[in-house]
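Numbering (our numbering), first residue to last: 31 to 132.
Note that CB positions come from ideal geometry on N, CA and C, so glycine has one too.
Below you'll find the structure, written out as structure tokens, and then a few comments.
Written out as structure tokens, the structure is:
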């Protein structure tokens, strides 16, 4: 639940970043990497982020696309972790059943 709340806060922070635009040329890959780092830090600390310097010059539409990719990647990672936890729990339960069965 804590992760979900932090993820929502980070999503709002990333969405707020789209209000700025600069004429400087930027690298979308570097911007996405900076956003991923900031997103992970926001989840860990609960702090809101700001527009990363690496995103200067990225147009709002591209920035929103990158933010969506970062959020989607994080959601996929969390889902995979949850599924791994469920699988481990089922395996442990089955192992317990096997050792206690007559």
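Where does residue i sit, in a helix, a strand or coil, going by DSSP?
i	result
residue 88	coil
residue 56	coil
residue 80	coil
Just confirm the distance between the C-beta atoms of residue i and residue j, as a whole number of angstroms; I'd bet it's less than 8 Å.
i	j	result
residue 66	residue 72	Rounded, the Cβ-Cβ distance is 11 Å, inconsistent with contact.
residue 86	residue 60	The Cβ separation is near 10 Å, so there is no contact.
residue 104	residue 69	6 Å
Considering only residues of the same chain and omitting the five flanking positions on each side of residue i, which have a CB-CB separation below 7 Å?
i	result
residue 88	56, 58, 61
residue 92	58
Just checking residue i against the ligand COA - is the residue's beta carbon closer than 6 Å to any of the ligand's heavy atoms?
i	result
residue 108	Summarising the ligand content, the structure contains no ligands, and the ligand COA is consequently not present.
Looking only at its own chain, which residues have a Cβ that is under 8 Å from the Cβ of residue i, when we skip the five neighbours before and after it?
i	result
residue 120	none
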